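Residue numbers (this note's numbering): 681 to 1206.
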């Protein structure tokens, strides 16, 4: 067999000092540095990813590939021979199969077809040495790694240059920023474990250091502005959804300034969208039997305390950076309830409302929403429900209620978050507990302010309950139809019952009439 030429290819690659350029150059001083890079790369890879390794003989391609494969398999001692003669080796990884290939002896893409290349790599993580021999067979979006040796007289070791092509470019930029943040904060040696995500595009990982300390990594790149749907504005803009982690940082610092238990921020890269935050632990406000009453009571008391406190509308993010908490205005509330028409009504009931029915729906909501829009206002954390409440038994008082997922906070009616808690979309809250805690909340508010408007608050409570249930019926149907997450449909009957019950309030008669006409089975559940 012909010997492999020593062609590193480094001279054609730019050093990439600009953090926006998807090129990352690293000096690997020793074998441990190479293994550390391999572990980091393994943590970043997902099924379907392709990594190419180029460089001359002895540059370390197989060494790096072997370390990445072992990390992906979770076995640091696994035998990983070079695929020089077998051309392709397939391993069982923790997340998916791992393919290790060497193209040096390949004459062209045709040989790969005969080997079953496409089937083997379709849902695998693929590492390819000498990729230039059959580059046409590789995905355009990939991570390209070029390795070269540093002469001993220049200090020795290796240079690794990583380039992201296609969609991988953004991932390389983010990975480089993440590695820098972990080094800054002393978490670079932590083991990374993916966590179950929420219904958003954010991703979370739990980091565990060798000493057992843990933290949470939030990966939340800036939300791309979607297509304009009304007045030249996107849905996220109209619904007042946070576009970046700036909102989370501002609200986090605002809540902590009030002595509430939002997580400490250990590290951040605001531009890339990375946060390293305190791990508040596994404590929950629910158990196998549903809500834990005393914990729900503290969560309701926390809201009473928050809503009786004068609160700023502008919060600091960092040096010379501020976040203006947006209003939960009519446009936001109306665009949310329209999800009911576009998803729930269409896909679950099989009805497409006429233009007249849609107009009547929106007009009825616009009239009903006036007390919420023009009544008392406060911070609305917006996702104040069981998945986002962490019980901290080692703390005291209201500090026992840990808070997460508040980046979409707005200025709006105080009743909204209480509805989120007591009409939890994912957990069955007994009606008796809801009534008791609603009464407790109102009692605390009245004790703090003798002018607290109890009838007005209960009316807005029913209104926000109806608005929230209406939009969630649309959101959960969309998660099933569009995003392939059918598990959310399990909660639909509960939310339908909430909606029907809230529509019984006398102030919502016009809205109830619309539902009785266009969705009678839903309206009659109450």
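Each residue gets a CB set at the ideal place from its N, CA and C atoms; glycine is no exception.
All of these numbers come straight from a predicted model, not from anything done at the bench.
Starting from residue i, trace the alpha helix (DSSP H) both ways and give me its first and last residue.
| i | result |
| --- | --- |
| residue 917 | 915-918 |
| residue 861 | 848-865 |
| residue 1144 | 1134-1161 |
| residue 1125 | 1111-1128 |
| residue 925 | Run containing residue 925: none; DSSP gives neither H nor E here. |
| residue 1013 | 1010-1019 |
| residue 979 | 973-987 |
| residue 753 | 741-753 |
| residue 1197 | 1189-1198 |
| residue 1218 | Here the chain has residues from 681 to 1206 only, and residue 1218 is not among them. |
| residue 1178 | 1172-1182 |
| residue 800 | 797-801 |
If you follow the beta strand (DSSP E) that residue i is in, where does it begin and where does it stop?
| i | result |
| --- | --- |
| residue 826 | 822-829 |
| residue 1092 | 1090-1092 |
| residue 726 | Looking at the DSSP string, residue 726 is not in any beta strand (DSSP E), and its letter there is neither H nor E. |
| residue 704 | 703-708 |
| residue 840 | 838-845 |
| residue 1071 | 1069-1071 |
| residue 874 | 871-874 |
| residue 1002 | 1001-1004 |
| residue 995 | 994-998 |
| residue 1083 | 1081-1083 |
Near residue i, which residues of its chain fall below 6 Å by C-beta distance, leaving aside the five closest residues on each side in sequence?
| i | result |
| --- | --- |
| residue 695 | In this predicted model, residue 695 has a pLDDT of only 43, less than 50, meaning its place in the structure is not dependable; the value taken from the coordinates is given anyway. Result list for residue 695: 705, in chain order. |
| residue 1088 | 921, 922 and 1062 |
| residue 806 | 730 and 779 |
| residue 1030 | none |
| residue 683 | Note on residue 683: pLDDT 46, under 50, position unreliable in the model; no value is reported. |
| residue 1084 | 1068 |
| residue 719 | 751 |
Here's a check: name, in chain order, each residue in its chain whose Cβ is nearer than 8 Å to the Cβ of residue i, leaving out the five neighbours to either side.
| i | result |
| --- | --- |
| residue 970 | 1107, 1108, 1109 and 1110 |
| residue 995 | 930, 931, 933, 934, 1002, 1003 and 1005 |
| residue 864 | 947 |
| residue 811 | 732, 733, 734, 783, 818 and 824 |
Spatial neighbours of residue i within its chain, please: C-beta separation below 7 Å, excluding the five flanking residues on both sides.
| i | result |
| --- | --- |
| residue 829 | 738, 739 and 838 |
| residue 915 | 906, 909 and 1015 |
| residue 1117 | 976, 977, 980 and 1102 |
| residue 849 | 702 |
| residue 686 | Note that residue 686 scores a pLDDT of 40, beneath 50, so its modelled location is shaky and nothing firm can be said. |
| residue 788 | 814 |
| residue 1194 | 1040, 1041 and 1044 |
| residue 797 | 817 |
Could you name the residues that DSSP lists as bridge partners for residue i?
| i | result |
| --- | --- |
| residue 895 | 887 and 958 |
| residue 768 | 781 |
| residue 732 | 808 and 824 |
| residue 1059 | 1091 |
| residue 792 | According to DSSP, residue 792 bridges with nothing at all. |
| residue 948 | 955 |
| residue 910 | 913 |
| residue 967 | 970 |
| residue 941 | 1082 |
| residue 1007 | 1091 |
With distances taken from CA atoms, which of the options is nearest residue i?
| i | options | result |
| --- | --- | --- |
| residue 1073 | 1030, 835, 1082 and 922 | 1082 |
| residue 745 | 757, 754, 731 and 726 | 731 |
| residue 815 | 983, 831, 733 and 751 | 733 |
| residue 1048 | 979, 944 and 1190 | 1190 |
| residue 1006 | 736, 749, 927 and 773 | 927 |
| residue 813 | 796, 785 and 866 | 785 |
| residue 1142 | 715, 1096 and 1168 | 1096 |
| residue 955 | 1069, 930, 747 and 941 | 930 |
| residue 1177 | 1146, 708, 1054 and 992 | 1146 |
| residue 874 | 1139, 886, 917 and 863 | 886 |
| residue 1010 | 972, 1112, 920 and 1070 | 920 |
| residue 809 | 1132, 959 and 780 | 780 |
| residue 1119 | 1085, 1099 and 1105 | 1099 |
| residue 757 | 866, 747 and 765 | 747 |
| residue 836 | 708, 892, 961 and 869 | 708 |
| residue 846 | 867, 703, 1070 and 936 | 703 |
| residue 974 | 1122, 1198, 736 and 1077 | 1077 |
| residue 888 | 1042, 1192, 1149 and 958 | 958 |
| residue 773 | 794, 725 and 790 | 725 |
| residue 751 | 818, 794, 801 and 872 | 872 |
| residue 961 | 896, 1020 and 868 | 896 |
| residue 819 | 833, 827, 804 and 831 | 804 |
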